[in-house]
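Numbering (this note's numbering), first residue to last: 70 to 804.
In this text, a Cβ means the ideal position worked out from N, Cα and C, and glycines have one as well.
Single-structure report; data block below.
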Amino acid sequence: MVVRSEDDSSDTDTCEPPSPKDTEVEAVDSLFKTLWDNVENHRKAGIIRRSYSRKTEALLERQKGKWQEFCLALKVDPHQQLHKADASVFKAFLEWRVEKGRILKVSAIQNYWKALSSIYAATTQNWLGESILADVGGFIHEVLKPRYNLSEEQKAKAGLYVEDLDILLSHHWLSDTEVFPHERLRLQLAILLTIAGATSSRPTALLSLRYRDLEFAVFPPTKGLGRSQLTLTVRLTNTKRRGYKQHAVKFGFHEQENLIHCPVLGFLALALADGAFHTPTRLEKIYSLQVPDHQDRVTLYFKPEIADRYVFQRMDGVEGPLEYSQARYALQRLGNSCGYLDKLMFYDLRRASGKMLNEAYTPEERNQIMGHTGGTSAVYRNYYMPEFVDKDVQSVYFGVTPRDNVIRAIGRIRRNALAPTRLTQDQQDEVKRDAKLNEAYASRDEAKRLVKLRCGTVASARQRQGELDDDLRLLLQKYESAAKKALNLRTSLKGQTLRQSMRDFHTLADIDLVTGSAQSTQQEASSSQPQYELQERAGIAEALRDSMQQYEGRELDRIRIRLVENMANLCHMRETSTRHRGTKRAVHCPESDSDSEQDVKRRKVSSGASSSLQSVFRVKAKPVNLSCPFCQLDPSLGPVRKNHQYARIDSLGTHIFKQHFNEAGLYRGSEGGGGPEFCCPYSDCMELLLGAADFAGHAHVVHGLASFQKSTLPQAATAGSVIQALNQDFHLYTA
Numbered sequence: 070m071v072v073r074s075e076d077d078s079s080d081t082d083t084c085e086p087p088s089p090k091d092t093e094v095e096a097v098d099s100l101f102k103t104l105w106d107n108v109e110n111h112r113k114a115g116i117i118r119r120s121y122s123r124k125t126e127a128l129l130e131r132q133k134g135k136w137q138e139f140c141l142a143l144k145v146d147p148h149q150q151l152h153k154a155d156a157s158v159f160k161a162f163l164e165w166r167v168e169k170g171r172i173l174k175v176s177a178i179q180n181y182w183k184a185l186s187s188i189y190a191a192t193t194q195n196w197l198g199e200s201i202l203a204d205v206g207g208f209i210h211e212v213l214k215p216r217y218n219l220s221e222e223q224k225a226k227a228g229l230y231v232e233d234l235d236i237l238l239s240h241h242w243l244s245d246t247e248v249f250p251h252e253r254l255r256l257q258l259a260i261l262l263t264i265a266g267a268t269s270s271r272p273t274a275l276l277s278l279r280y281r282d283l284e285f286a287v288f289p290p291t292k293g294l295g296r297s298q299l300t301l302t303v304r305l306t307n308t309k310r311r312g313y314k315q316h317a318v319k320f321g322f323h324e325q326e327n328l329i330h331c332p333v334l335g336f337l338a339l340a341l342a343d344g345a346f347h348t349p350t351r352l353e354k355i356y357s358l359q360v361p362d363h364q365d366r367v368t369l370y371f372k373p374e375i376a377d378r379y380v381f382q383r384m385d386g387v388e389g390p391l392e393y394s395q396a397r398y399a400l401q402r403l404g405n406s407c408g409y410l411d412k413l414m415f416y417d418l419r420r421a422s423g424k425m426l427n428e429a430y431t432p433e434e435r436n437q438i439m440g441h442t443g444g445t446s447a448v449y450r451n452y453y454m455p456e457f458v459d460k461d462v463q464s465v466y467f468g469v470t471p472r473d474n475v476i477r478a479i480g481r482i483r484r485n486a487l488a489p490t491r492l493t494q495d496q497q498d499e500v501k502r503d504a505k506l507n508e509a510y511a512s513r514d515e516a517k518r519l520v521k522l523r524c525g526t527v528a529s530a531r532q533r534q535g536e537l538d539d540d541l542r543l544l545l546q547k548y549e550s551a552a553k554k555a556l557n558l559r560t561s562l563k564g565q566t567l568r569q570s571m572r573d574f575h576t577l578a579d580i581d582l583v584t585g586s587a588q589s590t591q592q593e594a595s596s597s598q599p600q601y602e603l604q605e606r607a608g609i610a611e612a613l614r615d616s617m618q619q620y621e622g623r624e625l626d627r628i629r630i631r632l633v634e635n636m637a638n639l640c641h642m643r644e645t646s647t648r649h650r651g652t653k654r655a656v657h658c659p660e661s662d663s664d665s666e667q668d669v670k671r672r673k674v675s676s677g678a679s680s681s682l683q684s685v686f687r688v689k690a691k692p693v694n695l696s697c698p699f700c701q702l703d704p705s706l707g708p709v710r711k712n713h714q715y716a717r718i719d720s721l722g723t724h725i726f727k728q729h730f731n732e733a734g735l736y737r738g739s740e741g742g743g744g745p746e747f748c749c750p751y752s753d754c755m756e757l758l759l760g761a762a763d764f765a766g767h768a769h770v771v772h773g774l775a776s777f778q779k780s781t782l783p784q785a786a787t788a789g790s791v792i793q794a795l796n797q798d799f800h801l802y803t804a
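Here it is in structure tokens:
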């Protein structure tokens with residue numbers, strides 16, 4: 070028997086477990102409260118819009134900024150004005166966009182109106198009414214279009230067929246003299262063109278490929294092939310959404326006899342260059358693999374840590390895939406070099422490939438390959454079917470022999486290999502004299518002058534941006550905007566002038582041929598091959614030329630091995646840019662017939678005076694090595710770039726301290742770890758150095774280099790903050 074004290078609570082003595090009925094009531098009340106809380110939360114959240122891509126979000130942000138700028142000029146609150154949904158204000162905004170911008174087509178202003186409608190839905194949690202949409206839509210077509218002469222013409226839907234692809238790839242590997250920022254970009258462009266033509270895929274789906282989306286496998290040999298077969302599986306995951314889902318598509322590829330078309334070798338070269346395989350391997354070893362009888366294939370696995378790495382990389386120090394704008398610019402530049410009249414686009418490949426797929430497969434298979442939604446051909450018919458009918462309808466009606474090859478040649482993009490690829494000096498001068506461009510330059514220079522009055526230089530204003538007052542910050546923003554506007558205008562004018570020059574050339578060349586006025590000494594396309602700076606690129610060109618000799622079997626395999634090895638090595642190389650090749654330096658020219666007698670006499674007098682001065686003062690030219698010692702140790706650079714001689718010590722200093730040292734004055738080669746010290750880059754010198762200032766003093770005192778100007782060194786290095794912060798016991802040379 071338990072005896073309780075009087076201090077024990079009476080509630081405890083009388084407490085009884087709740088009845089089942091009370092428990093059910095409490096559970097119902099709790100569920101009731103939870104459900105209504107969810108209802109209120111969803112009511113507050115409002116309309117849930119679909120998530121947009123990164124580019125669409127950027128477009129909406131730009132449009133939101135334009136709306137705020139318009140409302141600021143209208144002296145109204147942007148948020149409140151958007152909630153009013155006043156169709157008259159929307160019309161005034163769209164007309165303001167046309168007046169202030171460079172809008173030339175109805176489709177552009179329609180896209181801006183769609184973006185503003187999306188911003189309205191996201192801001193007000195409501196949709197615009199049908200009456201407003203119809204009113205503004207009619208305003209665009211009935212008022213803006215005739216008032217501002219907006220065009221409804223669409224870009225011609227051309228196609229790049231395999232004949233054009235052969236021309237592009239051949240010029241790209243064998244004849245192209247343009248310099249890429251990095252040679253890996255050259256290989257990536259060739260692979261993109263090949264796989265885009267083979268799969269008819271959207272370029273963004275290809276550019277977002279990661280190594281986890283690739284799979285190399287070796288299959289047993291087939292009849293007539295004495296070795297194992299190397300295959301590649303590509304899985305495209307960044308496809309167009311169907312509703313809220315994305316359906317991946319897989320493609321299989323095999324090796325081709327025409328090596329310039331083979332995507333397997335290109336992807337293999339990228340993987341070897343990145344060290345992607347779990348076990349280091351080479352193509353010879355892959356060809357020697359034997360598939361056991363108890364399995365159907367041998368898979369070549371990648372390292373786990375490389376699975377998320379992008380296959381097509383930017384190569385500019387920024388993480389992420391190659392941007393579509395970069396690939397598009399490279400393709401258009403290549404098209405100009407080949408003499409194509411129109412700007413080439415990746416979608417030209419997609420249209421041509423889609424047409425071939427449409428002729429070879431069922432509509433369902435074509436839709437799966439091209440990533441089209443729905444079970445009909447409406448998307449293909451509206452957006453991808455070329456406007457040129459490349460079928461010999463004449464032969465069908467008249468019953469003559471079809472000549473589809475001639476009809477297809479008619480529909481191809483016009484090309485002339487002799488067309489100009491860059492502006493002449495007169496055309497550049499004409500661009501410089503453009504009134505709008507000079508007006509933009511004047512606005513930029515005035516904004517720059519005001520910034521320099523307050524901060525001394527624009528660079529110092531940028532460095533102190535967080536400390537600037539509102540007026541100076543607005544001045545800096547005005548200068549940045551004016552500079553960007555001037556640069557964009559100059560680029561646009563140069564592009565328009567070059568495009569017009571190419572059109573004029575195509576027209577005049579045909580007229581001259583028809584009228585017989587073309588000169589017999591007309592310049593022809595150069596048949597001589599360029600001199601390659603990099604041995605790896607020369608090896609690729611030689612292997613591709615050898616592959617065209619109809620080799621088979623082991624001889625063709627040896628060419629494949631040589632090609633892949635050179636491609637993989639090329640991914641670590643960089644050609645010398647044209648500004649370091651000395652193409653613009655003045656050279657001594659012999660006296661020509663066009664020189665006047667006074668010009669010849671002036672040169673002779675000048676040279677005589679120079680020689681007499683040297684004899685009086687005994688001036689001796691002192692050879693100075695003004696090449697960069699860091700570049701000479703970089704294996705990825707070509708010989709011209711390694712041995713480039715700078716004209717002045719300040720030019721060399723600017724290159725060294727911007728390219729090889731960071732803003733804190735530390736050597737970039739030691740950023741990955743191992744301490745801030747580095748070994749002197751000059752040969753036969755093992756001195757350990759610390760920072761930019763230490764290198765500058767050491768190079769002057771020990772290696773006899775002229776003193777670097779203080780302005781070329783990083784600011785932190787000149788202040789000595791690097792040395793003080795690290796507190797290391799290094800000897801610091803002072804110039």
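When C-alpha distances from R255 are compared across K144, R606, Y548 and E549, the shortest belongs to R606. Inter-segment contact for the stretch 316–325 and the stretch 365–376 is absent: fewer than three beta-carbon pairs are separated by less than 8 Å. Under the 10 Å beta carbon count, P708 is surrounded by fewer than 16 other beta carbons and is classified as exposed. V367 sits in a strand when the DSSP states are folded into three classes. By the Cβ test, the stretch 605–622 is in contact with the stretch 231–249, since at least three Cβ pairs between them sit closer than 8 Å. Judged by DSSP secondary structure, A429 falls within the alpha helix (DSSP H) whose first and last residues are F415 to A429. Excluding its 5 nearest sequence neighbours in each direction, Y393 has C-beta neighbours in its own chain below 7 Å: P272, T273 and L276, listed in chain order.
Around the C-beta of S176, fewer than 16 other C-beta atoms lie within 10 Å, and the residue is accordingly described as exposed. A buried status is given to L278, since no fewer than 16 other beta-carbon atoms sit within 10 Å of its beta-carbon.
Under the three-pair Cβ rule at 8 Å, the stretch 412–431 counts as touching the stretch 217–232. Contact between G734 and P783 holds, with the beta-carbon distance rounding to 4 Å and staying under 8 Å. The Cβ neighbour count for E634, taken over all protein chains shown within 10 Å, is at least 16; the residue is labelled buried.
Annotation for R383: G389, P390, L391, E392 and Q395 place their beta carbon closer than 8 Å to its own, counting only its chain and skipping 5 residues before and after. Of S99, L197 and I172, the smallest CA-CA separation from D155 is found for L197. I260 is positioned such that its CB atom lies closer than 8 Å to that of P332.
DSSP places K169 within a helical segment (H, G or I) once states are collapsed to three. Looking from the CA of D615, the closest CA among I630, E602, Y601 and Y370 belongs to I630. Taking a cut-off of 8 Å for Cβ pairs, the stretch 454–465 and the stretch 515–523 do not touch, as fewer than three such pairs fall below it. The three-state reading of DSSP puts P489 in coil, since its state is none of H, G, I, E or B. The beta carbons of L163 and I209 sit about 7 Å from each other, so the pair counts as a contact at 8 Å. Here DSSP, grouped into helix, strand and coil, assigns Q546 to helix. Per DSSP, C748 is one residue of the beta strand (DSSP E) stretching across E746 to C748. In this structure the stretch 469–482 does not touch the stretch 494–507; the number of beta carbon pairs closer than 8 Å is below three. 8 Å or more divides the Cβ of E284 from the Cβ of T268.
Around the C-beta of Y398, fewer than 16 other C-beta atoms lie within 10 Å, and the residue is accordingly described as exposed. DSSP, reduced to helix, strand and coil, places P708 within a helical segment of the structure shown. Setting aside the 5 residues that flank it on each side, R378 is surrounded in the same chain by R279, Y280, D343 and A345, each with a C-beta closer than 8 Å to its C-beta; the list follows chain order.
Bounds of the alpha helix (DSSP H) holding R606 are Q604 to S616. G408 is positioned such that its CB atom lies closer than 8 Å to that of L487. Boundaries cannot be given for T781, as no beta strand (DSSP E) includes it and DSSP labels it neither H nor E. A direct Cα-Cα distance of roughly 13 Å separates M454 from H441. At a Cβ-Cβ threshold of 8 Å, A504 and A551 do not count as neighbours. Straight-line measurement puts the Cα of L238 at about 25 Å from the Cα of Q298.
Annotation for S646: V248 place their beta carbon closer than 6 Å to its own, counting only its chain and skipping 5 residues before and after.
By alpha-carbon distance to L695, the top candidate from H772, N731 and A761 is H772. Collapsing the DSSP output to three states places R559 in a helix.
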